[in-house]
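A.B. asks:
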Amino acid sequence: MEQEIPIDETGIEAGSSYDSSAERTKKRALLIQHTDNTSITTKIPVYLEWYGISYSILQENMNVQKNKESELESGKIKLSILENIHGCANPGEILAIMGPSGCGKTTLLNLLVDRLGNKGVQGTITINGLKPTKKSMRCLAYCTQDDVFFPQLTVKDTLTFTARLRLPRDVPYHDKLKRVDAIMQLLNLTKSAHTKIGDYRIRGISGGERKRVSIASELLTDPGVIMLDEPTTGLDAALALELIKILKEFAIQQRKTIIIVIHQPSSQVFEIVDKLMLVCDGRMVYFGERANAADYLANQGFKCHPNYNIADYILELLTDDKSKQQLIDSYAHQVRDDPTGKQVVEKYSHRKRDDNNMKEAPSILEYDYRGPTFAQQLSILIERTFKQSSKEILSTIELSQMFGLIVMFCLIWFRIPFTDKGIHDRISSLFSIIVIWSFGTFFEAVTTFPMDLDMLSKERYSHSYRLSAYFLSKQIAELPLIILKPAFFTIVIYWVTGLLPDFGRFLAYLAVILINSLASQGFGYFLGASLLDVQKCISAGTVFMLAFTLLSGFYVKHLPPGLTWLKYLSFMTYTFSLNLQIQLDTPKAQFQCSSPESGHVYLCELLGYNNTIPGTVVLENERYTELSCLLFYVK
370 MEQEIPIDET GIEAGSSYDS SAERTKKRAL LIQHTDNTSI TTKIPVYLEW YGISYSILQE
430 NMNVQKNKES ELESGKIKLS ILENIHGCAN PGEILAIMGP SGCGKTTLLN LLVDRLGNKG
490 VQGTITINGL KPTKKSMRCL AYCTQDDVFF PQLTVKDTLT FTARLRLPRD VPYHDKLKRV
550 DAIMQLLNLT KSAHTKIGDY RIRGISGGER KRVSIASELL TDPGVIMLDE PTTGLDAALA
610 LELIKILKEF AIQQRKTIII VIHQPSSQVF EIVDKLMLVC DGRMVYFGER ANAADYLANQ
670 GFKCHPNYNI ADYILELLTD DKSKQQLIDS YAHQVRDDPT GKQVVEKYSH RKRDDNNMKE
730 APSILEYDYR GPTFAQQLSI LIERTFKQSS KEILSTIELS QMFGLIVMFC LIWFRIPFTD
790 KGIHDRISSL FSIIVIWSFG TFFEAVTTFP MDLDMLSKER YSHSYRLSAY FLSKQIAELP
850 LIILKPAFFT IVIYWVTGLL PDFGRFLAYL AVILINSLAS QGFGYFLGAS LLDVQKCISA
910 GTVFMLAFTL LSGFYVKHLP PGLTWLKYLS FMTYTFSLNL QIQLDTPKAQ FQCSSPESGH
970 VYLCELLGYN NTIPGTVVLE NERYTELSCL LFYVK
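Counting in the working numbering, the final residue of the sequence shown is number 1004, and the numbers go up one at a time with none missing.
#1: Just mark tyrosine 863 as buried or exposed, buried being the case when its beta carbon has 16 or more other beta carbons within 10 Å.
#2: Give me the Cα-Cα distance between phenylalanine 940 and phenylalanine 858, rounded to the nearest whole angstrom.
#3: Apply the 10 Å Cβ neighbour rule to arginine 572 and answer buried if 16 or more other Cβ atoms are within range, or exposed otherwise.
#4: Using three-state DSSP, classify glycine 740 as helix, strand or coil.
#5: Go through its chain and collect everything with a Cβ distance to leucine 1000's Cβ below 7 angstroms, but skip five positions before and after it.
#6: Can you list, in chain order, the residues of its chain with a C-beta nearer than 6 angstroms to that of alanine 898? Leave out the 5 residues immediately preceding and following it.
#7: Please return the same chain residues whose Cβ sits closer than 7 angstroms to the Cβ of threonine 404, not counting the five positions on each side in sequence.
#8: Tell me the DSSP secondary structure of tyrosine 416 in three-state form.
#9: Select from Pro929, Val903, Pro930 and Phe892 the residue whose C-alpha is nearest the C-alpha of phenylalanine 917.
#10: Which one of Thr816, Lys716, Lys790 and Glu429 has the shortest CA to CA distance from leucine 457?
#11: Drop a sphere of 10 angstroms on the beta-carbon of tyrosine 924, count the other beta-carbons inside from all chains shown, and report buried for 16 or more, exposed for fewer.
#12: Among residues of its own chain, excluding the 5 on either side of glycine 984, which ones have a beta-carbon nearer than 6 angstroms to its beta-carbon?
#13: How should arginine 538 be labelled, buried or exposed, when 16 other C-beta atoms within 10 angstroms of its C-beta is the threshold for buried?
#14: How far does the beta strand (DSSP E) with lysine 1005 in it reach, from first residue to last?
#15: Less than 8 angstroms between the C-beta atoms of leucine 473 and leucine 509, yes or no?
#16: Got a sec? Which residues, its chain only, sit under 6 angstroms from phenylalanine 755 by beta carbon, not counting five neighbours each side?
#17: From the DSSP output, in three-state form, read off valine 642 for me.
#18: Exposed or buried, which one is aspartate 605 when buried takes at least 16 other CB atoms within 10 Å?
#19: Starting from glycine 891, follow the alpha helix (DSSP H) in both directions and report where the run begins and ends.
#20: To which residues does DSSP link phenylalanine 960 through a beta bridge?
#21: Taking the alpha carbon of glycine 593 as the reference point, which residue from Ser470, Gln757, Arg722 and Lys504 has its own alpha carbon closest?
#22: Looking at the structure shown, is glutamine 746 part of a helix, part of a strand, or coil, going by DSSP?
#23: Name the one or two DSSP bridge partners that glutamate 429 has.
#24: As an exercise, report each continuous beta strand (DSSP E) stretch of at least 3 residues that is fully enclosed by the region 480-547, in chain order.
#25: Is the distance from the Cβ of leucine 522 to the Cβ of valine 549 below 8 angstroms?
#26: Taking the continuous alpha helix (DSSP H) assigned at aspartate 598, which residues delimit it?
#27: Do aspartate 650 and serine 583 come within 8 angstroms of each other at the CB atom, strictly closer than that value?
#28: With DSSP collapsed to three states, give me the class of alanine 562.
#29: Quick check on cysteine 673: does DSSP put it in helix, strand or coil?
#30: Can you look up phenylalanine 1017 in the DSSP assignment and give me helix, strand or coil?
#31: So does the region 476-494 actually touch the region 415-425, counting three or more Cβ pairs closer than 8 angstroms?
#32: Where DSSP assigns a beta bridge to cysteine 649, which residues make up the other side?
#33: How many angstroms separate the CA atom of proline 460 from the CA atom of lysine 580?
#34: From which residue to which residue does the alpha helix (DSSP H) around valine 815 run?
#35: Measure the alpha-carbon distance for alanine 856 versus tyrosine 738 and round it to whole angstroms.
#36: Here's the rule: buried if 16 or more other CB atoms are within 10 angstroms of the residue's CB, otherwise exposed. What is methionine 653?
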């Protein structure tokens, strides 16, 4: 068993009251070596190069008249996002991409990892000098700016499931766990290993820890190229510096290629990066060695004061209209004889210098990654979904709500008498149970896919699993959770409210309620997957469910001519009818006639019965037997 290295709050091994810079560096190296021992891939350097990169989109413009001869779509104009961007990233180095907000930094990363498709994209991207393929793109890891996780899972659960889904199938389970532990130690996540990720509803880890979990999930796969969008966001100065130092030593010791987008680094963080790319308004301002950036700006007439943070000074220049335009024009003039920037890339790329390692480079492109099988993906996703959903569906709030409903039902419909006066109360209790578990189950299901969309997109981009495995796992994992609450509720309420005391009829009644819950869940999944927006799902779902309720036959028994067919669209219609048959279509369902009271006319008197009213009489106008119609809604 691997020995865990104790670490303090800055991510460094504990053990002394004061650690010098050299000691910290040595301990960081030890942690990185610890992760190297658990690596599951061959250490081959990856060189990423791009030149002539331009990206544009079509934007609506209502002022543009239709022009049949125009190459653009009618009523749209071409908006340039990036224009002639070039650069490279070498193993063992950190490339920092800087620029003001909205200048195209994140868009560039999205292009490099092929998340924007080919529409509107021009230019060349190479991995070790070759055109990217589906296999070679697996050596690229991308840590987005938004930290998307399942809030109910703990840090260790999150990383463990990520490792099981993304590491090769031939890696033993215990080796995957060792890899998780090593990465957690490296990024100082061991103390929060058993803390929930959390969100705005659930108290969990801090924003800085969320960022480190996001980075850890990408480091697990041991990629050749690591791209990080704003990795220091949410971290204080000390932790941000420590993280960049870890990334730098990680790059050096394990020959990793690291690209970071950073908005406003401290002077210490800025000094650590090797190469610098400055972008403004989607155009190049500078690309080259970070150490030469100050001299380059000075040559353009912008000299930074020695006591001023050069990173802050750069940002000030790029946010000033006059200075930024001068810098953009100056760089464009400098590379005027190199339209795509290919010569600049060749100047700063080390690919051709590293001939020995490059002999092995093609093996990256030919590497046959074999991830978990479909059955393994399904099994892992079922386990993860059950663990995540059970904590939400069976939370204290949800269970308290259910027990509150049980108490309310027991108080209102306790031991309904088998008399003509109790017929309406009996029918209303049957219908109320249907409504409660139709609405409750529906609204639990309808927001599932919209709320999981960001996580699903993130994991699909990283090729973690098949889409069919995800959908199937949701159905299987949430099935027992969905039926557990209505089953318990029905078991209690059935006998407390005094429904027909027949065990066979009870089982049939319970089965119909559970099928109704599954039908409601199926419709919720369908609507949620169709709209993929929480607010739209809730709004549209409310309208549909109210319509289904009104069409079920309890409130309106005779619809206007031409609208009768609408009731067959409501699964509640079939549930209500089936439960009426279960409770009334039997000789045991006999309702005693009440003694007449002055000023009251009871059902017995209206129907001409003196002693009892058979349940079949009550059922005469309520008969539907299409159980298959109810099952149609179950997805």
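Even glycine gets a Cβ: it sits at the ideal position worked out from N, Cα and C.
C.D. replies: In terms of the structure at hand:
#1: buried
#2: 20 angstroms
#3: exposed
#4: coil
#5: Note on leucine 1000: pLDDT 43, under 50, position unreliable in the model; no value is reported.
#6: Phe818
#7: Ala551, Ile552 and Leu555
#8: coil
#9: Phe892
#10: The question names leucine, but residue 457 in the sequence shown is cysteine. Comparing Cα positions, the closest option is Lys716.
#11: exposed
#12: Leu953 and Ala958
#13: exposed
#14: Nothing in the structure corresponds to residue 1005, since the chain is present only between 370 and 1004.
#15: As written in the sequence, residue 473 is glycine, which differs from the leucine given in the question. The answer is no: Cβ separation not under 8 angstroms.
#16: Ala846
#17: coil
#18: exposed
#19: 872-900
#20: Ile982
#21: Lys504
#22: helix
#23: Lys445
#24: 490-496 and 509-512
#25: no
#26: Counting along the chain, aspartate 598 falls outside any alpha helix (DSSP H), though it belongs to the beta strand (DSSP E) covering 594-598.
#27: no
#28: coil
#29: coil
#30: Nothing in the structure corresponds to residue 1017, since the chain is present only between 370 and 1004.
#31: yes
#32: Arg652
#33: 23 angstroms
#34: 792-815
#35: 45 angstroms
#36: buried
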